[in-house]
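In the working numbering, the protein residues as written are 2 to 139.
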């Protein structure tokens, strides 16, 4: 699954240009903040910005390895974070609802076995046909 997503990373010229300009903009912002706080590392970020911007204009294909590495890391982090977020959501939302329902004696799916029943089918009451039933089904 992850390997398929990594194999399908868009490496068209347009995507590479967009990647280069985005990374140049981020580098420019970081360099600007460092320059504002009088940090000498701002020169490195401005150099990276210049290199990325020129590469995006002149030879976007040169950004392909960097784009592949960056997007591969993003795919792996996305895979991991999805599982973490869903796990936290399950244990912070779904589990408490289930515990409260269990303490209250609520049985959402009616799973108790009744040997006197011949079928567990729930029959609907017959209703006269009307157009409104189909318009508001729930």
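Just so it is clear, CB atoms sit at the ideal spot from N, CA and C, and this is done for glycine as well. Every value quoted in this text rests on a predicted model; they were computed, and no experiment measured them.
- The alpha-carbon separation between residue 24 and residue 134 amounts to approximately 55 Å.
- A direct Cα-to-Cα measurement between residue 109 and residue 120 gives close to 18 Å.
- Judged by their CB atoms, residue 61 and residue 17 are nearer to each other than the 8 Å cut-off.
- Note on residue 99: under 16 other CB atoms within 10 angstroms of its CB, so exposed under the neighbour-count rule.
- Assigned with DSSP and collapsed to three states, residue 91 falls in helix.
- The DSSP-derived three-state label of residue 130 is coil.
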